[in-house]
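Residue numbers (our numbering): 103 to 580. Accompanying notes for the structure given below.
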């Protein structure tokens, strides 16, 4: 190859790395986190027997992970700016693997909960910091495609988790749920160190300890409250106190952050219309996303009597729809733009979600799987669009705080989705006079959650026609 040909070849190689290699490596690390969460839910009854604990009490293993994540999420952006995003991302993967090993070797609930707290701490760093690495190494015009690739592995977690969890607890020891993370983390650390460029440290402001405390307490209270909504695991008064305490702490933080240049979360990003439409408007879509795995598991297992393994195999097809979409999202966005895609697709996603409520025990399985695949396609298109547009008008200096804020909102909203779904199931069960959950009390919840997604249209239709064009390449074409 002649020297004349070297620069184009090198440029193509860098483009491939930015567009596929780096996003795939970061996404695979996120897969480790998302899959672990869904696998654990299926394995709790088996783990309870092995540890001689009540299954409801063992739910602490999930709750403490969420609480730990909520507490450490606000600081992730500041730490990445201070010590370097790539360095913190690698450290988070190492800590996640070490905590996973500790979970696998746990001999009682106390040991398991302590290990899950450290796992949640690592998970809080891994998500937003991994996204921050991508944001700082990818030009805006290539970001939609890169994010499509990054979210491919992460989207597989909630889908293949029930299948993997069912297989592990059926054919092997539950401890392998955690041990499987170790080789994934080892390979991930090597790939990040080898292929991901070094992201330099940023100039950082003094750390906002008051803001960290207020946001941590606020998020923990709300997430813990929504986790227990409709589950009868805590007295109603305690749940109300969690909501009030969480909301009060976040309200105090809002007053603390106004005019404070050193606030841990920069609330001025919500003045940017594209960011607000993506994060706040997109929250109504993410409520459905958070509720989907939980509700489908209830419908297929409790309502239709399928085994966890059978239900997991059926819902796996939605991942196929999501993966197909990932290759088509960039050209769709270039052709129609963010506003049109988000608006039209919001209606399609809401209707497709409500159709899940029409499933009956007699519905042919191939029909259910086909509808789930179509729903997965359009739902994934919506979230790829939302994730891309969020950073369209964010300056580099704001990237870390914007990424952290978006991650906090997403985690909170997914917990809200599960809490609302559980509460609605309980309400419809009582309204029908049933003593146990049935398909008849689960199906109407899909309709209600589907209607909630339409609230996002209020944010999408108000976007400028050229919103986010720099991100999807339309500006360059024009």
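All C-beta atoms in this analysis are idealised placements derived from N, C-alpha and C, irrespective of residue type, glycine included. Since the structure is predicted, the reported quantities are computational estimates derived from the model, not experimental observations.
Take the Cβ of residue 295 as the centre, count every other Cβ of all protein chains shown within 10 Å, and call the residue buried at 16 or more, exposed below.
-> exposed
For residue 180, name the three-state secondary structure that DSSP assigns.
-> helix
Compute the Euclidean distance between the alpha carbons of residue 579 and residue 484, then round it to the nearest angstrom.
-> Annotation note: pLDDT 47 at residue 579 (below 50); position unreliable, coordinate value reported separately. The alpha-carbon atoms of residue 579 and residue 484 are separated by roughly 23 Å.
State the DSSP-derived secondary structure class of residue 366, mapped to helix, strand or coil.
-> coil
Given residue 244 as reference, the closest of 527, 542, 563, 435 once Cα atoms are compared = 435
Selection from 200, 225, 238 that minimises the alpha carbon distance to residue 583 | The requested residue 583 does not occur in the structure, where the chain is confined to residues 103 to 580.
Using beta-carbon positions only, say whether residue 406 and residue 463 come within less than 8 Å of one another.
-> Yes, the Cβ-Cβ distance between residue 406 and residue 463 is below 8 Å.
Under the assumption that residue 423 contacts residue 478 (Cβ atoms under 8 Å), give the Cβ distance between them as a whole number of angstroms.
-> 3 Å
Residue closest to residue 232, alpha-carbon to alpha-carbon, out of 269, 200, 188, 248 = 188
Could you pull the start and end residues of the alpha helix (DSSP H) that residue 512 belongs to?
-> 501 to 533
Beta carbon proximity, residue 522 to chain D, threshold 8 Å = Of the protein chains in the structure, only one exists, and it is not chain D.
Compare the C-alpha of residue 519 against each of 396, 128, 235 and name the closest.
-> Minimum Cα distance to residue 519 is reached at 396.
Ordered along the chain, which non-local residues of its own chain (more than five positions away) have a Cβ less than 8 Å from that of residue 426?
-> So the qualifying residues of the chain are 479.
For residue 448 versus residue 556, is the C-beta distance shorter than 8 Å?
-> Cβ atoms of residue 448 and residue 556: closer than 8 Å.
Which residue spans inside the segment 216 to 293 form an unbroken alpha helix (DSSP H) run of at least 4?
-> Whole alpha helix (DSSP H) segments, 4+ residues: 245 to 273, 278 to 281.
Give the single residue among 220, 313, 284, 472 whose Cα lies nearest to the Cα of residue 180.
-> 313
Between which two residues does the alpha helix (DSSP H) containing residue 548 stretch?
-> 541 to 555
When the Cα atoms are used, what is the spatial distance from residue 54 to residue 559?
-> Residue 54 lies beyond the residue range present for the chain, which begins at 103 and ends at 580; the question has no answer from this structure.
Whole angstroms is fine: what's the gap from residue 453's alpha carbon to residue 185's?
-> 45 Å
The alpha helix (DSSP H) with residue 663 in it runs from where to where?
-> Residue 663 lies beyond the residue range present for the chain, which begins at 103 and ends at 580; the question has no answer from this structure.
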